[in-house]
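Trainee: Just so you know, the sequence shown maps onto residues -19 to -1, 1 to 284 in mature numbering (1 follows the signal peptide of the UniProt record, and there is no 0).
Cβ atoms here follow ideal geometry from the backbone N, Cα and C, with glycine treated the same way.
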Amino acid sequence: MKKITVWLFIVLLSAFLAACSNDTQEQGDESSEGNTEETSADQSDSENKTNGLSEAPPNQDVASEESSMIDNTDGRMLIYNAVIELETEDYDQFRQQLDERMAANEAYIVEASISKRENNRRQGQIRLRVPQSNFENLLGGFEEISESILSQNVTGRDVTEEYVDLESRLSAKEKIESRLLTFLEEAEATDSLLKISQDLERVQSEIEVLKGKMNYLQNQSDFSTITLQVTETKVVVPDVGGTSLNTWEKTKQAFASSLNGLTTFVSWTIVTLIGYSPIFIPITFIIVLIWYIKRRRRLKAGS
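1. Buried or exposed for SER205, going by 16 or more other Cβ atoms inside 10 Å?
2. Just to confirm the assignment, what range does the alpha helix (DSSP H) spanning LYS154 have?
3. Could you check the C-alpha separation between LEU243 and LYS233 for me, to the nearest Å?
4. Under 8 Å, do GLU158 and LEU181 count as touching if we go by C-beta distance?
5. What residue does the beta strand (DSSP E) around ASN86 start on, and which one ends it?
6. Of all the options ASP71, LEU198 and GLN201, which has the alpha carbon lying nearest to the alpha carbon of ASN101?
7. Tell me, please, whether the segment 197 to 214 touches the segment 93 to 109 by the rule of three or more beta-carbon pairs shorter than 8 Å.
8. Run through DSSP, which three-state label would THR69 get?
9. In this structure, does DSSP put ASN115 in helix, strand or coil?
10. Which one or two residues does DSSP pair with THR208 in a beta bridge?
11. Out of ASN196, LEU151, LEU198 and GLU169, state which residue places its alpha-carbon closest to the alpha-carbon of VAL184.
12. Name the DSSP beta bridge partners of SER129, please?
13. In three-state DSSP terms, what is LYS215?
14. Pick helix, strand or coil for ALA93, following the three-state DSSP scheme.
15. Answer with buried or exposed for ILE260, where buried requires no fewer than 16 other C-beta atoms within 10 angstroms of its C-beta.
16. Tell me whether ASN227 sits in a helix, a strand or coil according to DSSP, three-state version.
17. If you reduce the DSSP assignment to three classes, tell me which class GLY137 lands in.
18. Return the CA-CA distance between residue 285 and GLN104, expressed in angstroms with no decimal places.
19. Assuming VAL140 and SER202 form a contact by the criterion Cβ under 8 Å, report the distance between their Cβ atoms to the nearest whole angstrom.
20. Please report the distance separating the alpha-carbon of GLU166 from that of GLU148.
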């Protein structure tokens, strides 16, 4: 009986220990699974945060690019040129009124020429430059100071892209220049110094060319060009009373001219007769001989 009781106690104890062992293992598995899920969640959160941080700059770049595009649209570099052909009754009065309007719009003349046509009408060409902000104001005032506008042609050229390209090339060349200056200070060998100096001179020359082109585009954009072709319509009658007729001088000139002509003719005749006498004398003798023979025959026939 005691043995049965002992064995039964051992069996129950073994079953109890086995059950406790299974519970502990399940709790450990659940704990490890929970930690794994938390780790995965943390990694997922960190990845989301990382993705969020990495995706933010592109949005900022897009916004900055859009803002830059708007700024470039607002500040584009345009070169305006206008060619106007007009008529005016009095050229001098037109020039006076033009000078007044140019002074009011800060414009200046770069080229001017004038010539006379038939009936003493004057025709001039004036090329002037005006700040772009005053271009339209000055352009609209020519109708008021002229008799009529025959033609008007206004053109515009966008040089923004060309200017930006020159600007980027200039920046790159300046960086190369800076590096070459650094190399020049650190170089010790004569060959290296000579080679770097040549490269530096070439780069600096290219920089000056780029700056010149940029300054030209900037100047052409800041100031617009207007070319005027002006024709005077009134007939200008010359003032005879205010000029000397020089009658006596003209008479002496005419007499001397006619005398010189007569002298030239006599001289040419003498030279011709004497110079060609070996030809003229035989021809003249033959002609006289033929005339004499014919005359004698007519006389004999008549008698």
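Mentor: Result, derived from the coordinates:
1. Residue numbering aside, residue 205 sits at position 224 when the sequence shown is read from its first letter. Classification of SER205: buried, given that the 10 Å Cβ count is 16 or more.
2. Residue numbering aside, residue 154 sits at position 173 when the sequence shown is read from its first letter. Counting along the chain, the alpha helix (DSSP H) containing LYS154 begins and ends at 141 to 167.
3. What you label residue 243 is simply residue 262 of the sequence shown in a count that begins at 1. What you label residue 233 is simply residue 252 of the sequence shown in a count that begins at 1. Cα to Cα, LEU243 sits roughly 15 Å from LYS233.
4. As a working note, residue 158 is residue 177 in the sequence shown. As a working note, residue 181 is residue 200 in the sequence shown. Closer than 8 Å, so yes.
5. Here residue 86 is taken as the residue at index 105 of the sequence shown, counted from 1. Per DSSP, ASN86 belongs to no beta strand (DSSP E) and is neither H nor E.
6. Here residue 101 refers to the residue found at position 120 of the sequence shown. Among ASP71, LEU198 and GLN201, the Cα nearest to that of ASN101 is on ASP71.
7. yes
8. The sequence position of residue 69 within the sequence shown is 88, counting from 1. Strand, per DSSP.
9. Counted from its first residue, the sequence shown places residue 115 at position 134. Correct three-state label for ASN115: helix.
10. For the purposes of this step, residue 208 is taken as residue 227 along the sequence shown, with counting starting at 1. According to DSSP, THR208 bridges with VAL64 and ARG108.
11. Residue 184 sits at position 203 when you count from the first residue of the sequence shown. Cα-wise, what sits closest to VAL184 is LEU151.
12. If you number the sequence shown from 1, residue 129 lands on position 148. Bridge partners of SER129: GLU68.
13. Position 234 of the sequence shown, counting from 1, holds the residue named residue 215. Coil at LYS215, not helix or strand.
14. Here residue 93 refers to the residue found at position 112 of the sequence shown. Three-state result, ALA93: strand.
15. Start at 1 with the first residue of the sequence shown, and residue 260 comes out as number 279. When all chains shown are included, ILE260 counts as exposed.
16. On the sequence shown, position 246 is the one that residue 227 refers to. Three-state result, ASN227: coil.
17. If you number the sequence shown from 1, residue 137 lands on position 156. Correct three-state label for GLY137: strand.
18. Absent from the model: residue 285. The displayed extent of the chain is -19 to 284, so no value can be given.
19. Translated into positions along the sequence shown, residue 140 becomes position 159. Translated into positions along the sequence shown, residue 202 becomes position 221. Confirmed, about 7 Å.
20. For the purposes of this step, residue 166 is taken as the residue at position 185 of the sequence shown. For the purposes of this step, residue 148 is taken as the residue at position 167 of the sequence shown. Answer to the nearest angstrom: the Cα atoms are 27 Å apart.
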